[in-house]
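*Asks:* Quick one: structure below, then a few questions.
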Amino acid sequence: MLCFQISPWHRRYRGLFLLLKRVAALLLAAGSFGVAAAAPWIVLRAVPTVSCITPNETLYEKRISASGTIEAQNVREIYLDTPVVAQTVNVSVGDRVVRDDVLAVIDAETTRSIMQQSVPASILLSGITETLPADTSDLLGMYSALKASGLDAELGPLDDLAQAYAALDSAANEANTYIYVPDVITAPINGIVTDIEIKSGMLSRTAKPVITISDTGSFVAMVTVGESYVSDIKVGDEAIIEGTGFPDQTYHGHVSRIYPVARKQTGTTAQETVVDVEISIDDPDDHLKAGFTVRAQIMTDTRRTMLTVPYEAVGQDENNEEYVYIADGARVERRTIKTGMELLEGVEVIEGLSPNDILLSDVAAAGTEGGLINLRKE
């Protein structure tokens with residue numbers, strides 16, 4: 022029997038070989054486990070992450086837009102029965118006055134002197150017409166004849182002559198022995214002076230108001246509403262009023278009158294039929310001025326709750342069918358919907374959705390129907 026003795030050198034290298042073999046086995050085992058452990062992470066990274074939302078429950082309130090101007094509802098025009106000469110005029114246009122304030126002081130003595138020395142128009146005209154051609158029987162012919170005669174140095178427009186003739190022709194042929202002349206002109210209401218037709222030292226006219234006062238507390242917005250919207254408005258509806266003349270102010274009011282007749286109004290492109298609507302302003306102040314243009318939003322009593330979604334969440338296919346993508350667990354499901362009103366923030370959904378549905382906020386991010394998704398709530 023043969024026996025071989027293993028040298029110490031072979032014994033040492035044989036142990037090293039066995040150690041390397043064990044290390045290699047461990048590395049192979051670890052590598053297989055790492056691949057298996059990394060596999061779910063690789064799959065998850067391939068699934069898109071999308072934003073999800075639920076439909077909004079929006080309270081819809083129908084508003085009617087209208088435009089118009091600010092007007093004073095209570096305006097007093099002061100007329101005088103006889104022409105007067107003002108000694109002083111105490112107010113100017115834009116002044117605020119209180120009832121019974123003295124607006125002007127009349128020079129009564131000068132006024133009476135002028136009126137007592139005046140000759141009725143009928144006497145003056147009858148004397149002139151005797152020397153004029155026969156074709157001046159009417160006022161227009163008489164006016165033309167006076168202009169041609171050279172007697173027109175103080176002759177005003179034809180309208181003035183007609184007014185003077187109509188007012189004075191009914192007077193007696195003799196000068197009045199008694200003429201009432203007021204000593205002062207006073208304010209009949211509280212308000213702002215908006216027009217003055219009387220001047221110091223000059224004879225006023227009876228055909229026009231000498232002073233006009235507007236009550237600023239009675240300011241209203243007179244607006245026009247298209248005929249197709251009038252049926253939605255009723256007296257008492259609230260309104261919000263804005264305007265270019267008062268950019269930093271917003272006023273609240275309510276519909277106080279809807280006029281019973283419609284009228285034609287020329288718009289930007291064509292004529293339209295409109296109805297005038299009066300809006301009383303709750304708290305008018307000095308920022309408002311008669312004649313300012315205004316924009317009004319009239320809140321009707323048409324109110325309802327609706328479901329709305331962003332425009333980006335709605336898609337449309339080649340058959341014009343609208344749809345959204347619903348999150349069904351971790352997968353995408355397409356659902357057909359029916360939309361209604363288009364609003365500023367989104368579109369109304371009248372069929373196909375409930376308030377608890379979870380849908381993708383952007384239809385373009387859905388990928389394919391039935392695909393996996395990761396949800397991220399906005």
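In our numbering, the protein residues as written are 22 to 399.
Beta carbons: idealized from backbone N, C-alpha and C, even for Gly.
1) Contact defined as beta carbons within less than 8 Å: I believe I210 pairs with I232. What is the distance between those atoms, to the nearest angstrom?
2) Quick check on this structure: which residue in I379, P76, A93, A351 has the alpha carbon closest to the alpha carbon of I371?
3) Could you check where the beta strand (DSSP E) with T329 kicks off and where it finishes?
4) Is it true that the CB of V384 sits closer than 7 Å to the CB of A334?
5) Roughly how many angstroms lie between the CA atoms of H273 and D303, to the nearest whole one?
6) Where do the N-terminal and C-terminal ends of the beta strand (DSSP E) with M243 fall, by residue?
7) Do you know how far the Cα of T321 is from the Cα of N377?
8) Apart from the five residues on each side of it in sequence, which residues of its chain come closer than 6 Å, Cβ to Cβ, to L309?
9) With distance defined between alpha-carbon atoms, name the residue in S252, L393, V296, Y280 nearest to T323.
10) For P305, does the count of other Cβ atoms within 10 angstroms reach 16, so buried, or fall short, so exposed?
11) Would you tell me roughly how many angstroms separate the C-alpha atoms of V96 and Y81, rounded to the nearest one?
12) With H, G and I counted as helix, E and B as strand and the rest as coil, what does DSSP make of M136?
13) Using only the alpha-carbon positions, how far apart do E363 and P69 sit?
14) Using a 10 Å radius around the Cβ and a threshold of 16 neighbouring Cβ atoms, would you call Y346 buried or exposed?
15) May I have the straight-line CA-CA distance separating T271 from T265, to the nearest angstrom?
16) State whether the segment 121-136 contacts the segment 216-233, with contact taken as three or more CB pairs (one from each stretch) at a distance under 8 Å.
17) Note down, one range per segment and in chain order, each alpha helix (DSSP H) of at least 4 residues found wholly within the segment 66-140.
18) Out of R278, I300, V246, H275, which one is the CA nearest neighbour of K285?
19) Touching or not, the segment 96-108 and the segment 348-356, by the rule of three or more beta carbon pairs under 8 Å?
20) Between D307 and the rest of its own chain, which residues show a CB-CB distance below 8 Å, the 5 nearest in sequence each way excluded?
21) Figure out for me which residue from G115, E259, T294 has the closest Cα to the Cα of S235.
22) Report the three-state DSSP secondary structure of T227 (helix, strand or coil).
23) In angstroms, rounded to a whole number, what distance separates the CA positions of T131 and V112?
24) D269 to Y280, Cα distance in whole Å?
25) Can you tell me where the beta strand (DSSP E) with T290 in it begins and where it stops?
26) Taking R462 as the reference, which of A260, D258, T314, I99 has the closest Cα?
27) Taking 7 Å as the cut-off, decide whether the C-beta atoms of I319 and A242 are in contact.
28) Alpha carbon to alpha carbon, how far is V330 from V368?
29) If V244 and A93 are in contact, beta carbons under 8 Å, what's the gap, nearest whole angstrom?
30) I'd like to know whether the C-beta atoms of G373 and T360 end up nearer to each other than 7 Å.
31) Report the rounded CA-to-CA distance for A317 versus M136, giving the unit in angstroms.
*Replies:* Once the coordinates are examined:
1) That pair is no contact at about 12 Å.
2) P76
3) 314-330
4) yes
5) 6 Å
6) 240-247
7) 30 Å
8) I91, F240
9) S252
10) buried
11) 40 Å
12) helix
13) 30 Å
14) buried
15) 11 Å
16) yes
17) 129-138
18) V246
19) no
20) T237
21) G115
22) coil
23) 22 Å
24) 30 Å
25) Run containing T290: none; DSSP gives neither H nor E here.
26) This structure does not reach residue 462, given that the chain is present from 22 up to 399, and the question cannot be answered.
27) no
28) 6 Å
29) Contact flag wrong, Cβ pair sits at about 15 Å.
30) no
31) 52 Å
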